[in-house]
Amino acid sequence: MTFYFPTQSLSAFPPRLSPAYKSTPKRSPSKPLILMKHTLSELTGPVYGQDAVQPGDDDLTRQHAGEPLGERIIVHGRVLDEDGRPVPNALVEVWQANACGRYIHVVDQHPAPIDPNFTGSGRCKTDANGHYKFVTVKPGAYPWGNHPNAWRPAHIHFSMFGHSFVSRLITQMYFPGDPLFPFDPIFNSVTDETARNRMISVFDLENTVPEWALAYRFDIVLRGRNQTPMES
Amino acid sequence: MTLGITPSQTVGPYFAYGLTPNGKYAWKDTFGNNLITSDAAGERIRIEGQVFDADGAPVTDSMLEIWQADAQGRYANPADPRPRNSTFQGFGRTGTDGDGRFVFDTIKPGSVPGPDDKPQAPHILVAVFARGMLRQSYTRIYFGDEPGNADDPILALVPADRRATLIAAKSVTNGHPVYTFDIRLQGDAETVFFEI
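Taken in order, these protein sequences are the chains called A and B.
The first sequence begins at 89 in the working numbering and counts up by one.
The second sequence begins at 10 in the working numbering and counts up by one.
The structure is reproduced here in structure tokens:
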């Protein structure tokens, strides 16, 4: 199958300069980007060896001697292309704060406890139907220095590869009904409401495991369409 | 059916323990900054540089990913049907250090096909991610000692006075070729980024 990657689809992305998010003004380009037709360099992208993902990499609650504190959850969904076709064997990498809203990263100085049983990193590959699944704990909200009393809504960072290097996507998955949404300049950097809502996971009662874990569903759509328009 | 794509969000300041642990965190790296495989033909090169913001301050929390062809100009991807002679994969990832510096050890890529069957000069695609970048920016590394740069169809799209930002200068350290490629996210000498 031959894919192409319409640049019009990028209208769903946030602008590079989004002044309410105060780190963007000095890190976004001020000169025009150069438009170009995609060449073989853009139409290809990395394919992974079988050893990229190890058994257990998809369970963030079992990486240490004990279980992490917090609300155990299942996060799952499908990785799709713009035609709605599953993207199989796609690498999905995640990282997140712990249940208290603390990242294990050395730079994070938020005075909330580190959980010795939680690193917060995971990875998996999608199956033949584009489906992925992680077991983790629900991350907490945390404060940051963007503006007075700034708090990030709870989120899980997602990193995905699709059919090509231009399908590469790093995003954040949010949780439904978060009261911090109206106040978060990163979430609201996506100015189109329909596109913004694609970053919010859906509570998924059907895939909840009784007496064990709640479930959230997060489907991800990457750039890439079939070269031949589909029959309707 | 056409689906809208999922929006990009910043990689944030805390990605290292997930994406570039590099021995500092209890997590195995998926990818690293050494792309060389023992069976890969071609010239072993190092690419090094620094990432700077609009003020010329080093960007110490950025992540770079590179994607390239092998020395024969062939990509390790099904969309490039030409057979390859090695296990070279052509993908690398690294974070910048406390001085905004990065290093990749790789194979110098060959010329690859371009638009209208014109060859492209050897180049490497780069995606730049960082706190304060809501989406990745793409640029290209070209090589200062390649005469093919003059005829490259993509470089020709770039205003002549900005092309130098895409061309890595060659030097030799301890007998090994080193190409220097700094990335300036904004400013007078801003690196050329592509809308792809």
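Ideal Cβ positions, reconstructed from N, Cα and C, are used throughout, including at glycine.
Neighbour flag for residue i against chain B, beta carbons, 8 Å
i, result
"residue 289 of chain A", "no"
"residue 170 of chain A", "yes"
"residue 189 of chain A", "no"
"residue 140 of chain A", "yes"
"residue 193 of chain A", "yes"
"residue 278 of chain A", "yes"
Alpha-carbon to alpha-carbon, residue j and residue i
i, j, result
"residue 109 of chain B", "residue 180 of chain B", "20 Å"
"residue 152 of chain B", "residue 177 of chain B", "5 Å"
"residue 10 of chain B", "residue 294 of chain A", "26 Å"
"residue 197 of chain A", "residue 104 of chain B", "20 Å"
"residue 18 of chain B", "residue 274 of chain A", "7 Å"
"residue 175 of chain A", "residue 218 of chain A", "5 Å"
"residue 68 of chain B", "residue 298 of chain A", "46 Å"
"residue 196 of chain B", "residue 174 of chain B", "12 Å"
"residue 107 of chain A", "residue 221 of chain A", "35 Å"
"residue 259 of chain A", "residue 101 of chain A", "10 Å"
"residue 91 of chain B", "residue 122 of chain B", "11 Å"
"residue 188 of chain B", "residue 223 of chain A", "43 Å"
"residue 23 of chain B", "residue 244 of chain A", "12 Å"
"residue 281 of chain A", "residue 287 of chain A", "10 Å"
"residue 154 of chain A", "residue 35 of chain B", "15 Å"
"residue 50 of chain B", "residue 95 of chain B", "8 Å"
"residue 5 of chain B", "residue 191 of chain B", "There is no way to answer for residue 5 of chain B, as the model of chain B reaches only from 10 to 205."
"residue 14 of chain B", "residue 184 of chain B", "47 Å"
"residue 122 of chain A", "residue 202 of chain A", "44 Å"
"residue 12 of chain B", "residue 305 of chain A", "17 Å"
"residue 268 of chain A", "residue 111 of chain B", "36 Å"
"residue 313 of chain A", "residue 115 of chain A", "31 Å"
Residue-chain proximity (residue i, chain A), Cβ-Cβ < 8 Å
i, result
"residue 187 of chain B", "no"
"residue 49 of chain B", "no"
"residue 157 of chain B", "no"
"residue 205 of chain B", "yes"
"residue 98 of chain B", "yes"
"residue 35 of chain B", "yes"
"residue 136 of chain B", "yes"
"residue 93 of chain B", "no"
"residue 167 of chain B", "yes"
"residue 144 of chain B", "yes"
Cross-chain neighbours of residue i in chain B, by beta carbon under 9 Å
i, result
"residue 268 of chain A", "Here the premise fails: no neighbours, minimum Cβ distance about 15 Å."
"residue 281 of chain A", "Going along chain B, no residue has its Cβ under 9 Å from residue 281 of chain A, so there is no contact; the nearest lies around 11 Å."
"residue 305 of chain A", "Ordered by position in chain B, no residue passes the 9 Å Cβ test against residue 305 of chain A, which lies about 13 Å from the chain."
Partners in chain A for residue i, counting only beta-carbon separations shorter than 9 Å
i, result
"residue 9 of chain B", "What the structure shows of chain B is the stretch from 10 to 205, and residue 9 of chain B is not part of that stretch, so it cannot be assessed."
"residue 139 of chain B", "111 and 115"
"residue 59 of chain B", "Under the 9 Å cutoff, chain A gives no residues; its nearest Cβ is about 14 Å from residue 59 of chain B."
Listed by chain order, chain B residues near residue i by CB distance under 8 Å
i, result
"residue 183 of chain A", "23, 24, 26, 27 and 28"
"residue 70 of chain A", "Chain A is shown from 89 up to 320; residue 70 of chain A falls before or after that span and cannot be answered."
Per DSSP, cross-strand counterpart(s) of residue i
i, result
"residue 101 of chain B", "B:75"
"residue 126 of chain A", "Partner(s): none; residue 126 of chain A has no beta bridge."
"residue 210 of chain A", "A:182"
Contact list for residue i against chain B, beta-carbon separation under 7 Å
i, result
"residue 196 of chain A", "23"
"residue 180 of chain A", "Under the 7 Å cutoff, chain B gives no residues; its nearest Cβ is about 11 Å from residue 180 of chain A."
"residue 226 of chain A", "Those within 7 Å of residue 226 of chain A in chain B number zero; the least Cβ separation is about 17 Å."
"residue 286 of chain A", "13, 15 and 16"
Chain-ordered chain A contacts of residue i [CB-CB under 7 Å]
i, result
"residue 86 of chain B", "132, 133 and 135"
"residue 14 of chain B", "97, 100, 170, 309, 310 and 311"
Interface residues of chain A facing residue i [CB-CB closer than 8 Å]
i, result
"residue 122 of chain B", "127 and 128"
Proximity test, Cβ basis, 8 Å: residue i and chain E
i, result
"residue 229 of chain A", "Of the protein chains in this structure, namely A and B, none is chain E."
Could you give the uninterrupted runs of the alpha helix (DSSP H) lying entirely in the region 17 to 58 of chain B, keeping only those of 4 residues or more?
Qualifying alpha helix (DSSP H) stretches, in chain order: 25 to 28.
At 3 residues or longer, what runs of the beta strand (DSSP E) sit wholly inside the region 141 to 207 of chain A?
160 to 168 and 179 to 184
At what residue ranges does the region 117 to 188 of chain B contain a whole run of the beta strand (DSSP E), taking only runs of 3 or more?
132 to 139, 146 to 152 and 176 to 182
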